[in-house]
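Counting from 1, one number per residue, gives the positions in the sequence shown under the UniProt record's numbering.
Here is the structure we will look at.
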Amino acid sequence: LCIEVSPAAKLAFISEELCIGCGICVKKCPFDAIEIINLPKDLEKDTTHRYGPNTFKLHRLPVPRPGQVLGLVGTNGIGKSTALKVLAGKLKPNLGRFKNPPDWQEILTYFRGSELQNYFTRILEDNLKAIIKPQYVDHIPKAVQGNVGQVLEQKDERDMKNELCVDLELNQVIDRNVGDLSGGELQRFAIAVVAVQSAEIYMFDEPSSYLDVKQRLKAARVIRSLLRSNSYVIVVEHDLSVLDYLSDFICCLYGKPGAYGVVTLPFSVREGINIFLAGFVPTENLRFRDESLTFKIAETQENAEEVATYQRYKYPTMSKTQGNFKLSVVEGEFTDSQIVVMLGENGTGKTTFIRMLAGLLKPDTMEGSEVEIPEFNVSYKPQKISPKFQHPVRHLLHSKIRDSYTHPQFVSDVMKPLQIEQLMDQEVINLSGGELQRVALCLCLGK
Numbered sequence: 001l002c003i004e005v006s007p008a009a010k011l012a013f014i015s016e017e018l019c020i021g022c023g024i025c026v027k028k029c030p031f032d033a034i035e036i037i038n039l040p041k042d043l044e045k046d047t048t049h050r051y052g053p054n055t056f057k058l059h060r061l062p063v064p065r066p067g068q069v070l071g072l073v074g075t076n077g078i079g080k081s082t083a084l085k086v087l088a089g090k091l092k093p094n095l096g097r098f099k100n101p102p103d104w105q106e107i108l109t110y111f112r113g114s115e116l117q118n119y120f121t122r123i124l125e126d127n128l129k130a131i132i133k134p135q136y137v138d139h140i141p142k143a144v145q146g147n148v149g150q151v152l153e154q155k156d157e158r159d160m161k162n163e164l165c166v167d168l169e170l171n172q173v174i175d176r177n178v179g180d181l182s183g184g185e186l187q188r189f190a191i192a193v194v195a196v197q198s199a200e201i202y203m204f205d206e207p208s209s210y211l212d213v214k215q216r217l218k219a220a221r222v223i224r225s226l227l228r229s230n231s232y233v234i235v236v237e238h239d240l241s242v243l244d245y246l247s248d249f250i251c252c253l254y255g256k257p258g259a260y261g262v263v264t265l266p267f268s269v270r271e272g273i274n275i276f277l278a279g280f281v282p283t284e285n286l287r288f289r290d291e292s293l294t295f296k297i298a299e300t301q302e303n304a305e306e307v308a309t310y311q312r313y314k315y316p317t318m319s320k321t322q323g324n325f326k327l328s329v330v331e332g333e334f335t336d337s338q339i340v341v342m343l344g345e346n347g348t349g350k351t352t353f354i355r356m357l358a359g360l361l362k363p364d365t366m367e368g369s370e371v372e373i374p375e376f377n378v379s380y381k382p383q384k385i386s387p388k389f390q391h392p393v394r395h396l397l398h399s400k401i402r403d404s405y406t407h408p409q410f411v412s413d414v415m416k417p418l419q420i421e422q423l424m425d426q427e428v429i430n431l432s433g434g435e436l437q438r439v440a441l442c443l444c445l446g447k
């Protein structure tokens, strides 16, 4: 039989040698737990690492070059973090042979003739030191104790602590405990911890999440300042503008999230970003996305008559003080049928203002008694999501937005584009950061 179920093992086993891809098991499985994925071309010979039978596999590897910043771009779950672990020497590539993994001599022979052979030889012989800035900075407080200044002092091998604290705006939190830092502060702290150390390979996994535009560019400058003629810098990034600013060349990753990932050859920055947006790799003549990502500009200007029909909502001049922070709001208005974007640096009171409008925070003072905060039926998605719900996503949607999530229009407009169907039977507390964001957006739009 191609599927083997035994009481001794928790997982059923599918024999890949016997499977002919008939698709019967996919249709028969009541939990949608089986998926058959056709690989583009013959990728068997290019497998770099595989975690186990019927699990994720990574094809090829990005090629870092000394003295240049390599950028990696691709969707979540496609193997970027796995590639970083392999290049850092923290994960030994098994070339797809998880039953009898090869030794290093065989791995070097496999990469013979490529730049990766020199790279891995240097890692093995010269004991190159590699440091990774982790993707999930919100997990750092569990592993690091003490205050920001002490931790940086302990790690400071390049005598750069003071300079980096100025560049990354860490001086105002220098005496604060690591556990009390916000997302953006943790991100800047994590970048500083990597940058103060002396190493040959620096790796940054999503260094711009939680940071505003100004902080992203400052962080990018710090990362570029680590370049030396014999050091490698590798950056995984979703923000294409930061990637453009930061990288010297780019490798795209494509595939099926959670199933397999393929690394392209290195491209120049502009070409690499355009390939990722177009969803087509010309060097391999391969389309990895059905449609290209285009930025549409509104075709028609709104005319005055149309604007006059909109409902207007006014809010008064008000202020709110929280600790040392004081937010002053000048009276204003907004209309329906429009998307209003609020811009500002981190810590300038955007969230406080939104919460005052949503009625979650009472303002300290309000001027102009004739204008009151309008009472809305508000659906609010907070900035920080801390899941406490102990049941699957399906239960959460059923309890919060019972009517919406079964409505055909909502399913096609929101649930399918946000790929909520695949998460329905997962426990909410076990979801990753990106998955939590998608569920929170779905709840917000469904109210």
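Here a beta-carbon is modelled for each residue, glycine too, at the ideal position from N, C-alpha and C.
Between residue 386 and residue 434, the alpha-carbon positions lie close to 13 Å from each other. The beta carbon of residue 381 sits closer than 7 Å to the beta carbons of 440, 441, 444 from its chain, once the five residues preceding and following it are set aside; these are given in chain order. Residue 295 and residue 244 have their C-alpha atoms spaced approximately 17 Å apart. Residue environment: residue 37 is assigned as exposed (fewer than 16 neighbouring CB atoms within 10 Å of its CB, all protein chains considered). DSSP lists 320 as the bridge partner or partners of residue 327.
Pairing residue 87 with residue 120, the inter-Cα distance amounts to about 8 Å. Within 10 angstroms of the beta-carbon of residue 29 lie fewer than 16 other beta-carbons, which makes it exposed.
In the DSSP assignment, residue 268 is bridged to 249. Counting C-beta pairs with one atom in each stretch, the region 261 to 272 and the region 225 to 240 have fewer than three that are closer than 8 Å, which means they do not touch.
In the assembly as shown, residue 215 is a buried residue. Its beta-carbon has 16 or more other beta-carbons within 10 Å. Scanning 140, 25, 418, 261 for the CA closest to the CA of residue 46 turns up 261. Around the beta carbon of residue 137, a 10 Å sphere encloses 16 or more other beta carbons of the protein chains shown; the residue is thus reported as buried. Beyond the five residues adjoining it in sequence on each side, residue 423 comes within less than 8 Å, by CB distance, of 393, 431, 435, 438, 439 in the same chain, given in chain order. Considered as a whole, the region 364 to 428 harbours 365 to 367 as its complete beta strand (DSSP E) runs of no fewer than 3 residues, in chain order. A direct Cα-to-Cα measurement between residue 25 and residue 421 gives close to 20 Å. A buried status is given to residue 189, since no fewer than 16 other beta-carbon atoms sit within 10 Å of its beta-carbon.
Within the same chain, and ignoring the five residues on either side of residue 168 in sequence, the residues whose Cβ sits closer than 6 Å to its Cβ are 188, 192.
The continuous stretches of alpha helix (DSSP H) do not include residue 234, which lies in the beta strand (DSSP E) extending over residues 232 to 236. The region 209 to 227 and the region 49 to 64 do not touch, with fewer than 3 CB-CB distances between them shorter than 8 Å. Closest by C-alpha distance to residue 247, out of 254, 256, 272, 258, is 272. Boundaries around residue 161 are those of the alpha helix (DSSP H), 161 to 167, since no beta strand (DSSP E) includes it.
The beta carbon of residue 336 sits closer than 7 Å to those of 310, 311, all from its chain and outside the five residues before and after it, given in chain order. Annotated three-state conformation of residue 156 is coil, per DSSP.
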